[in-house]
Amino acid sequence: MKRSLKLISTMCMATLLMSGLAACGSKSDTSATDPKASDSSSTSSTSKDVPTLVWWTIGGQVPNNFDKAVAAMNDYTAEKIGVKVDIKVASWGEWDTKINTIVNTGEPFDILFTNGSKYSQQVSMGALADISDLVQSETPDLYKLIPEKVWDGTKIGGKIYSVPTYKDSSLTQYWVFDHKYVEKYGFDVNNIKTLKDLDKPLHDMKAGEGKSFYPLPMTQGEGLNGFFNGYDDMALGLPPIGVKADDASRKVISVLEQPDVMDNLKTLHQWYKDGIINPDAPTKPEPDKGRPFFSAQGFPGAEVSWQINEGVDKYDMVQNYGPIYTTSTIQGSLNGISANSKYKKEALKYLELVNTDPKLRNMLAFGEEGVDYKKIDGEKVVERTTDTWPLAAYTQGTFFDMATTKGAPEDQWQQVEKLNGQAFASSLLGFSMDTTNLTTEVANTKAVWDKYRYELLTGASDPEKMVPKIVSEMKSAGMDAIMKAAQEQIDTFFSK
C-alpha cells in the first residue's frame with residue numbers, strides 16, 4: 007500500500023518530547039487542585055451547573071502555585087464553555103503503574119492522557135469511550151482542525167477512542183550536549199551520529215570530570231530515549247516485537263535478537279561498567295536536573311525549553327535519526343475519554359477549547375501568568391520565568407495554537423511542519439495491530455519485558471546473558487502467537 011508523505015505533512019505525532027517539557031523531580035503521583043474539589047470524581051462538580059472533569063496526565067512535581075494556576079484556568083473555561091477541570095498529575099517515574107491502577111480498578115476519571123504503549127490495551131479493556139460520532143457532532147471545529155490521516159492513526163478496529171495531539175507528527179531524534187562540555191573537550195557534535203560515535207566524547211567527559219560524574223545519566227523508565235527507533239512496534243507498545251522500519255517485506259521479527267540492537271546493548275553495558283551511566287539507573291525514577299548529555303525526541307527550538315527545565319545555560323543538539331512517520335508516532339500523545347464518564351460531551355468540548363483557544367493553551371503549557379510566564383507578544387510569544395510548572399505541553403493539545411518561547415525561532419512551528427514534510431514513512435505506516443484475541447498473551451509478554459527492561463536498557467545487565475533469557479520467557483508467555491498473528495494481520499492489511 008503506497009503512502010503519500012505529502013498527504014500527511016501536517017500530521018501530528020505523538021511521543022516523548024515537547025516544547026515546554028515540565029521539570030521532573032518528584033515521586034508524587036497526584037496533584038492538588040481546588041481543595042474543595044480535590045476528591046472529585048467524574049460525577050463531581052464545584053457548582054450545580056458547572057461540572058468538574060477529572061483529567062489524569064503526566065508531569066513533574068506539583069509547585070505551590072498549582073492550585074492558583076488551575077483556578078485561573080477554571081474561571082476562564084467556566085465562563086467560556088461551562089466546564090472546569092481537576093488536573094491530577096502522575097509523576098514521570100510512576101506514570102506506568104499509576105495509570106494501570108486507575109484503569110484496572112475502575113477509578114473514576116473523565117480524560118486520560120495515554121499513548122501507544124497503553125492505548126490499545128485500554129481500548130481492549132473497554133476503558134475508553136468510542137467517540138467516532140460524538141467528536142464530529144459535538145465538536146466539529148476540533149474534528150476539522152486535525153487532519154483525517156491523523157484521526158486514522160488513532161483508530162482501533164476502525165473506531166476513534168482518543169483525541170490525538172496535532173503537532174510534530176513525525177519523529178526526529180537528537181543528541182543533546184551541555185555546551186560547556188562541548189567547548190571544554192572540543193567535541194565536533196555534528197559528526198556524532200551513532201551510539202559508537204558517542205563513545206569517545208562520553209569517556210573524555212568521564213575522565214575529565216571525575217569518578218562521581220556520570221556523562222549519560224539515566225532513569226529506569228526511559229533508559230536511552232529512542233533506542234528502538236529503527237523498528238516499528240506496530241503500535242503494540244512492546245518493543246521486542248516489530249518490523250524494521252525500512253523493510254519493504256514487512257517481516258515481523260524478534261527485535262532484541264537483531265545484530266544492530268545487540269551491538270548497541272553491549273555498548274550500553276560497557277558504558278555502565280565504565281561509570282558513564284549512573285549505577286542507580288535501573289531503580290532511579292526521576293532524572294536530576296543539569297544533565298550533561300541526553301538523547302531526546304524533539305524539533306528545532308526544543309533546546310530552549312530543555313535549557314530552562316534543566317537549569318543549563320546552553321544546550322547543543324544534533325539530529326541523529328529521522329524524521330520518520332509511524333503509527334506509533336501518531337499514538338505517542340493522546341487523550342482518551344472514560345467509557346464511564348457522565349460528561350463525555352463536556353470532555354470533548356474542553357479538549358476542543360484546548361486545541362483552538364490560544365489563551366487556555368498557553369495557561370496549560372506554561373502555568374500561572376505573571377509567575378511562571380509573561381507574555382511578550384500577546385498569546386504568540388511568551389517568556390518562561392520559572393522552571394517548576396509540572397505539566398508537559400506535548401500531552402495536552404496542538405502546538406499550532408500555542409505560543410513559542412522567547413529564544414526559540416519565531417517560525418518554530420513552521421519548521422516543525424517542514425520536518426514533517428521531509429519525513430520518510432515506515433513500511434507499516436497506517437497499520438495498528440488488533441490484540442482483541444490476544445489480550446492474555448500480550449499482557450503476559452509485556453509483564454516479562456517489564457520485569458527485565460529497566461536493567462537491560464540502562465546497561466546494567468549483560469545482554470549476551472539477559473536477551474536469551476528474556477526471549478525464552480517471552481516465548482513461554484505467548485510471544486510466538488503474537489508474532490504469528492501480527493504477520494497475518496500485516497499481510498492482510500497491505501494486500502488491500
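Just so we're aligned, residue 7 is where the sequence shown starts under the working numbering, counting upward by one. Virtual Cβ for every residue (Gly too), placed ideally from N, Cα, C. It should be emphasised that the depicted structure is a prediction, and the values quoted were computed from it without experimental measurement.
Boundaries (first-last residue) of the alpha helix (DSSP H) holding residue i
| i | result |
| --- | --- |
| GLY427 | 418-428 |
| LYS186 | 185-191 |
| GLN303 | That residue, GLN303, is in no alpha helix (DSSP H); its beta strand (DSSP E) goes 299-303. |
| LYS351 | 350-362 |
| PHE72 | 72-87 |
| LEU274 | 265-279 |
| PRO474 | 469-483 |
| TYR149 | 146-151 |
| TRP312 | 308-316 |
Residue environment, residue i, which counts as buried when at least 16 other CB atoms sit within 10 Å
| i | result |
| --- | --- |
| ASP239 | buried |
| ASP5 | This structure does not reach residue 5, given that the chain is present from 7 up to 502, and the question cannot be answered. |
| GLN420 | exposed |
| ASN426 | buried |
| MET131 | exposed |
| GLN402 | buried |
| SER143 | exposed |
| LYS502 | exposed |
| THR225 | buried |
| THR107 | exposed |
| ALA453 | exposed |
| SER311 | buried |
| ASN70 | exposed |
Which of helix, strand or coil DSSP assigns to residue i
| i | result |
| --- | --- |
| VAL448 | helix |
| TRP157 | helix |
| GLU375 | strand |
| SER344 | strand |
| PHE499 | helix |
| ASN443 | helix |
| ASN284 | coil |
| LEU463 | helix |
| TRP61 | strand |
| ILE137 | coil |
| GLU100 | coil |
| TRP181 | strand |
| VAL129 | helix |
| THR411 | strand |
| SER433 | coil |
| THR289 | coil |
| ILE382 | strand |
| THR120 | strand |
| ILE259 | strand |
| ASP456 | helix |
| ASP253 | coil |
| LEU370 | helix |
Start-to-end residues for the beta strand (DSSP E) that takes in residue i
| i | result |
| --- | --- |
| LYS206 | Per DSSP, LYS206 belongs to no beta strand (DSSP E); it is in the alpha helix (DSSP H), 205-215. |
| SER97 | 90-97 |
| MET323 | 321-331 |
| PRO114 | No beta strand (DSSP E) holds PRO114; DSSP gives it neither H nor E. |
| ILE247 | 247-250 |
| GLU228 | Where GLU228 is concerned, there is no enclosing beta strand (DSSP E), given that its DSSP letter is neither H nor E. |
| SER168 | 168-170 |
| GLU389 | 387-390 |
Length of the line joining the Cα atoms of residue i and residue j
| i | j | result |
| --- | --- | --- |
| ASP81 | PHE405 | 23 Å |
| TYR379 | LEU118 | 26 Å |
| LEU59 | GLY66 | 21 Å |
| LEU151 | LEU134 | 22 Å |
| GLY484 | ASN110 | 22 Å |
| ALA84 | ALA77 | 10 Å |
| THR39 | GLN128 | No answer about THR39 holds up, because its pLDDT of 34 lies below 50 and its placement is not dependable. |
| THR451 | VAL169 | 28 Å |
| GLY296 | PRO221 | 11 Å |
| ARG322 | GLU309 | In the sequence as presented, Arg is not what sits at residue 322; that position holds Asp. Each residue's Cα considered, the two are about 7 Å apart. |
| GLN337 | LYS124 | 10 Å |
| ALA414 | GLY307 | 5 Å |
| SER339 | THR120 | 6 Å |
| THR5 | ASP486 | With the chain represented from 7 up to 502, any question about residue 5 goes unanswered, as that position is not in the structure. |
| PHE234 | ASN315 | 26 Å |
| LYS481 | PRO474 | 11 Å |
| GLU154 | SER176 | 16 Å |
| ILE330 | ASP203 | 22 Å |
| SER138 | LEU357 | 15 Å |
| ASP363 | LYS348 | 24 Å |
Supposed close pair residue i, residue j - CB separation, criterion 8 Å
| i | j | result |
| --- | --- | --- |
| GLY227 | PRO291 | 7 Å |
| THR411 | PHE305 | Wrong, their Cβ atoms sit about 13 Å apart, outside the cutoff. |
| LYS365 | THR145 | Actually they do not touch by this definition, with Cβ atoms about 18 Å apart. |
| MET472 | LEU462 | 6 Å |
| VAL156 | TYR172 | 6 Å |
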